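Student: One structure, as structure tokens, below. Some questions next.
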Amino acid sequence: MWKQHARGNWLLGVAMALITMSACVTWTEPEDVVCPPEGTELGYDNFAAGFFGEHCNRCHSALANDRHGAPLAYVFDTHDQIRVLSKRIFVRSAGDNASMPPGPDDPPQQARDNLAEWIACGMPE
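Here the numbering used here is used: the first residue of the sequence shown is 87, the next is one more, and so on.
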């Protein structure tokens, strides 16, 4: 009986910690970002190709030797491939969303904000 009570208290503590941590987490939804009225100077050629090349394509390229578990359907080699997956890319990597890429080489916040703007503006060439 005592073990069940102790386990219940432990589970309650874990649940409370998770709730507290999730309340502190912020994220950006695609509809939270609006293209500036003047548009954007960010394009695929002058921003996105470099962003994906530096931060994503070690795992998300069709040519990657070791995809580190990245699903085969998620390939970011071309503008069209990125466009098709843009909503998922946004919720994982743009704005305050930082679940991708994993590891210590995360893009700086400004690059994530630029990605959000580029997607919000229709992903221009």
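We put the beta carbon where it would ideally sit given N, CA and C, even for glycine.
Owing to the predicted nature of the structure, the values given are computational and were not obtained by experimental measurement.
Please confirm whether any heavy atom of the ligand HEM lies closer than 6 Å to the CB of tryptophan 204.
Tutor: You won't find the ligand HEM in this model; it holds no ligand whatsoever.
Student: With aspartate 163 and asparagine 143 assumed to form a contact (beta carbons below 8 Å), what rounded beta-carbon distance in angstroms separates them?
Tutor: Here residue 163 is taken as the residue at index 77 of the sequence shown, counted from 1. Here residue 143 is taken as the residue at index 57 of the sequence shown, counted from 1. Confirmed, about 7 Å.
Student: Near glycine 139, what residues of its chain come up, given a Cβ to Cβ distance below 6 Å and the 5 sequence neighbours on each side ignored?
Tutor: In the sequence shown, counting from the first residue as 1, residue 139 sits at position 53. Around glycine 139: no qualifying Cβ.
Student: What did DSSP end up calling aspartate 118 once you bin it into helix, strand or coil?
Tutor: The residue labelled residue 118 in the question sits at position 32 within the sequence shown. Helix, per DSSP.
Student: What residues in its chain sit with their C-beta under 7 Å from that of alanine 206, if we drop five residues either side in the sequence?
Tutor: Counting from 1 along the sequence shown, the entry for residue 206 is found at position 120. Contacts found: Val119, Val120, Cys121.
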